């Protein structure tokens, strides 16, 4: 089969050319594309170079900023603050006349030479200003503060925004929440810019209670340093801060997981964004514990107190002068021993080591301290007479040590009279009758008047420990009182009228010369009394307790047993015991009586009104009606020379058998009238319009008394006696409601000091802690109500249950380690017997009315608050590295505490202190501080701050209301340990006190009533002993007030300047410190005590009075404005500056050590056009180590110019800054 031949197609001519051309076109296109891609790659490479240059310039700007920061803020004696502190209108929240409020500035601190007396700060900040830490400012005036009054950068070609709407969440153009800086040329083709932001003026959101602390450890330490900043309480006011932050409280225990503000919402779903709080909050703020005034690191109180003995160079060192030479020396006089009110460092050391004096039987109850027959070493309350060995003159100077003993709250002599039958009382049974003619006429005169005196003493334990006294003695020496009895009506007309022709001093009312004069009432005190008057047992005073003591006698005794005609029942005697006294008040009849009421008969000119020549007694008929005139008189010695003072002493047990002397006085009040009756009368005459005028008569205030109403039979038992009280001589601590001489008794007088001397001639009674008053006994006067059913007395608000209280802890000794310098205010640093004594000087800032506002001392007084704050706040801190003793939940020795802290296996009571190891191990660090298991190295207190840093250190120059609210609110909804009174004893409860909101207290263990609270109930008890609960509105107002004061007064060039008032002419700034000014005039609320939104307001209304200009008329104050105000300030439930600083003081500084730097860089072409930009951010941290360490021939961190030769670089540039974090920022993050 033959197949057909295939057909072959015929090609067209020219087709090959077309294909060739197409291929050429394709190749050309590929070539052109390749060339284009090559151009893109070349351009991209060029832009990377531009961007790299921009980044390099940004890094260069960053390092320029770090260099400026190191140069200006590296040395210790520097202060930092944001520019917002220059706000020209401090009263408003908006910032006025400041162009860049967020920029950090640096000032030189107020420098204090420790070897010189305290110098008054220069409050003009301009001279101390160094520079604003921002680029682009004029180089011709780099040190002028006013350069940022307006921003030279905003909306200019030379300006760059470093904090904008993305960072601040504030979209408003030109907002002051934004931050601009000026460009500076860095090379021919680029610029840089930087701004430094102070992180220490912000609250930290990432602080949480440490997991290494037990619940009990937290509750016992949190009042001295809260574990966290309660940032969720911050008020939402700025743009972008509209969301409530309260939900963050629920995740507070996880706060440490937040590493940035942006990561805060990741702690739990639904939490609000925190980015809008860029200027208020941070996760970066750590402080070096440096002394900004003296340079070097702060010294550590904790390890200082752990030394077995006080260092030799502190044995005689004074606190205010900081040398062995006291700041002020007051010369001796004929009336007292002088010296200085400048306290000893030894007193601080002894008070911090009070645990060495007490015993602990149960760590859930306060310790007990026994007082028997000895005084503390180096306590010298007075001098003895060289011949007799008895007391001569009080030592008014500050003491190196004081006894832990009760103080005399009130010492009273009640005077009463009664008509005793003469039958059975030889020789008066017939002598009195004969004086009135004898026979039937004289037989009606069968009674005679007797004066009865009843000493009543009220003791107060101001401490938070139990005081146990073994047979202490009370002596009331030489009361300057006199009486004249007046027969108002009688059946015998010639016998009416004044029985004597003068007021007869009580010390003359004894028959024989040896018994006359130099009259003393001496009582030996016991803790209990039986039904038959037998007193026995130790005197036991619970913490803060007030207890009344009066004579304990058998109620079945009769006249013979209490007849003191020989002055042998009430004074010391070789042949009879003095009064035995016990708690309680048994009535005015339970005293001792005398009958020689006309004194020396030679003063009676013949028969007169019921007496006869040589008879000193006063006869009476039962129908007679009697009045008594009461007055003052100068008592006399046995040799009839005048005695110049009335004194009340609390003595050790040796005072029962030996005279009062410097070896047995625990506490003493002296009222020196210089043997001048006019001085007495003038001093005791009240300045009040309704005050008592002296002399006065019983009938001026109550009805005269008929003899038949007060008749006592010769053998009648005491329990059946009816006597008529008519007068009380009282030496009493001032209260808030009953003062004859107005003052602020709980801030400016210090009734808790052991020794009190008052010249009634030279010192006004308003100036002193106690006042001497002569009080008429009015009808219905509730003397019996001055003691409750448990034999407790009343004080503080008043002497009766109407206003008074039976408990007040005024001196909190450290049961657990001291955490804040404010706690030193409890140590009685201002307790010398000189004028100007104050309560709680450390932390408070009250001006003294006795010192001109522009001075801190005169020739006889010092401003204790100012001087104590000045010396302590910048130079010392508390590491809480101590032997952990009975009242800390876990008992450890010092060496173990140090090792556990450094290895971070446990936390210190100040839980925000963290170790600074710097490459060392716990085994290497421990020998630096510990000499043995329980004893520190001799210089450990000088080195501790080099090994610790403080998380959440807060710069007081902060102008952020939100940050201050977070700081102040640290005890919000927190459990605190407290002392609890259950009606019988005091115990420590670690769970009872749970705050319901922000809480501030001057005590680390507030004292609460859990049982019978005596007068006023639990609320009044807690007012005097608890703390201050704040509402949210009060917290906002307090924070706003502090910001206002920071702007008015700042920047503070030391921490002490922030705490103290200004030393300047009279003005609001010289009256009190910043925090106190904010409390007394909080924006929108006014005074946070008198206008409080809680029951604190009610107590200020009912238990206090406002002292005005009228009240102080005639009182010779040199700074009268300081005496004005509410006199309940100082109560435990009152809000004051010391309460605030007890909580936040341990975390405060006048400078910051953590800074955030925003830097910018760009690159430009040949025409100056910006081609690329870059932003970066770094957080830098100053550390304790110097720029050149010891290994680099530099210095150890604890060295100072006074202890070592400082390397010039370290001298100039200070401590090293380290970069803690670094990141690049995109433009959309700005």
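Residue numbers (the working numbering): 96 to 1325. Glycine included, C-beta positions come from ideal geometry on N, C-alpha and C. Note that the structure is a prediction, hence the values are computed from the model and not measured.
The three-state reading of DSSP puts residue 1018 in helix, counting H, G and I together. For a cut-off of 8 Å, the C-beta gap from residue 1070 to residue 1086 is around 6 Å, short enough to register as a contact. As the crow flies, the alpha-carbon of residue 1041 is around 27 Å from that of residue 1099. Per DSSP, the beta-bridge partners of residue 289 are 1254.
Taking C-beta separations shorter than 7 Å and ignoring five residues to either side along the sequence, the partners of residue 650 in its chain run 628, 812, 813 and 814, following chain order. For residue 409, the secondary structure class from DSSP, reduced to helix, strand or coil, is helix. Per DSSP, reduced to three states, the secondary structure at residue 1060 is helical. Within the same chain, and ignoring the five residues on either side of residue 230 in sequence, the residues whose Cβ sits closer than 8 Å to its Cβ are 156, 159, 160, 276, 277, 278, 279, 287, 288, 289 and 290. For the 8 Å CB-CB criterion, residue 807 and residue 514 form a contact. Collapsing the DSSP output to three states places residue 848 in coil. Residue 1196 and residue 1117 have their C-alpha atoms some 16 Å from each other. When C-alpha distances from residue 675 are compared across 263, 567, 250 and 459, the shortest belongs to 567.
Burial state of residue 324 is buried, judged by a 10 Å Cβ sphere holding 16 or more other Cβ atoms. For residue 614, the secondary structure class from DSSP, reduced to helix, strand or coil, is coil.
The C-alpha of residue 224 is placed about 41 Å away from the C-alpha of residue 908. Ranked by how close their Cα comes to the Cα of residue 195, the residues 1093, 168 and 245 have 245 in first place.
Closest option to residue 576, judged by alpha-carbon separation, among 960, 900 and 546: 546.
A straight-line Cα-Cα distance of about 19 Å links residue 1243 and residue 912. Exposure of residue 354 is indicated by the presence of fewer than 16 other C-beta atoms within 10 angstroms of its C-beta. Annotated three-state conformation of residue 975 is coil, per DSSP. The beta carbons of residue 805 and residue 680 sit about 19 Å from each other, so the pair does not count as a contact at 8 Å.
The beta carbons of residue 423 and residue 952 sit closer together than 8 Å. If you draw a 10 Å sphere on the C-beta of residue 429, you find fewer than 16 other C-beta atoms in it, and that means exposed. Linking residue 557 to residue 776 through their CA atoms gives a straight-line distance of about 32 Å.
Approximately 7 Å separates the beta-carbon atoms of residue 1250 and residue 292; this is inside 8 Å, confirming the contact.
For the 8 Å CB-CB criterion, residue 540 and residue 715 form a contact. DSSP places residue 1036 in the uninterrupted alpha helix (DSSP H) bounded by 1035-1038. Counting along the chain, residue 1136 sits inside the alpha helix (DSSP H) bounded by residues 1127-1144. Excluding its 5 nearest sequence neighbours in each direction, residue 915 has C-beta neighbours in its own chain below 6 Å: 319, 1237, 1240 and 1241, listed in chain order. Annotation for residue 800: 721 and 819 place their beta carbon closer than 6 Å to its own, counting only its chain and skipping 5 residues before and after.
Of the other Cβ atoms in all chains shown, 16 or more fall within 10 Å of the Cβ of residue 248; this residue is therefore buried. Between residue 227 and residue 1146, the C-beta gap is not smaller than 8 Å, which leaves the two residues out of contact. If you ignore the 5 residues before and after residue 1039, its C-beta comes within less than 7 Å of the C-beta of 395, 398, 974, 976 and 1024, all in its own chain and listed in chain order. It is roughly 5 Å from the alpha-carbon of residue 340 to the alpha-carbon of residue 327. Nearest C-alpha to residue 596 among 724, 555 and 758: 724. In the structure shown, the three-state DSSP call for residue 872 is coil.
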